[in-house]
Amino acid sequence: KQWYQRREAVVSTQSTGEACKQESKFKFLYELERPLAEKMNEIVRRIYGGDGVELSEMVLEKIAKLEKQGYGNLPICMAKTHLSLSCDVTKKGVPTGFTVPVKDIILSAGAGFVYPLAGTISTMPGLPTRPAYYEIDVDTETGQITGLF
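Take 1499 as the starting number for the sequence shown in the numbering used here and just add one per residue.
And the structure:
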């Protein structure tokens, strides 16, 4: 059975290689030349089914700075919860009539995109709300460390 699995892996790899040689028909949802806020609104309306984004004064200032520095033509990669199309995890299914609050917007110049942080999204998912170092201690008399494992 092992030789068969290896053969399938080779066939799969060859098929992937052939697919990569084909001309791509990739197209952004929006024109890259559009302002960052317009691109975010387009994503929320056309992908999530919402009414648009809600931008704080701080986010508007950061957008203006990014666009002034020449980063306005970069694509957008929205960072939001996967639990709902809106940012409200209690709204299941296909909610409508909502706005997506953008709490921050971050430049990832090396990767070539800008990512707005929507709702209460964490940029490092999987981490606990209370860091483990709170539980680590050293007994000053014995030198015994506790709370590591």
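Glycine included, every Cβ here is placed at the ideal spot set by N, Cα and C.
Owing to the predicted nature of the structure, the values given are computational and were not obtained by experimental measurement.
Reduced DSSP category for residue i - H, G, I as helix; E, B as strand; rest coil
i, result
"residue 1537", "helix"
"residue 1550", "strand"
"residue 1545", "helix"
"residue 1557", "helix"
Integer Cβ distance of residue i from residue j, believed to fall under 8 Å
i, j, result
"residue 1592", "residue 1551", "So it is not a contact: roughly 18 Å between Cβ atoms."
Neighbourhood of residue i by C-beta distance below 8 Å, restricted to the same chain and skipping five residues each side
i, result
"residue 1613", "1574, 1575, 1576, 1577, 1603, 1604 and 1606"
"residue 1495", "Outside the displayed span of the chain (1499 to 1647) sits residue 1495, for which this structure offers no information."
Spatial neighbours of residue i in its chain, beta-carbon cut-off 7 Å, leaving aside the 5 residues before and after
i, result
"residue 1645", "1633, 1634 and 1635"
"residue 1518", "none"
"residue 1507", "none"
"residue 1579", "1585, 1587, 1617 and 1619"
Paired residues, beta bridge with residue i - DSSP
i, result
"residue 1611", "1606"
6 Å CB neighbourhood of residue i in its chain, flanking five on each side removed
i, result
"residue 1569", "1605"
Could you check whether the segment 1518 to 1530 touches the segment 1561 to 1573, counting it as contact only if at least three pairs of C-beta atoms, one from each stretch, sit closer than 8 Å?
yes
For the segment 1599 to 1611 against the segment 1555 to 1568, do three or more pairs of beta-carbon atoms, one drawn from each stretch, fall closer than 8 Å, so that the two count as touching?
yes
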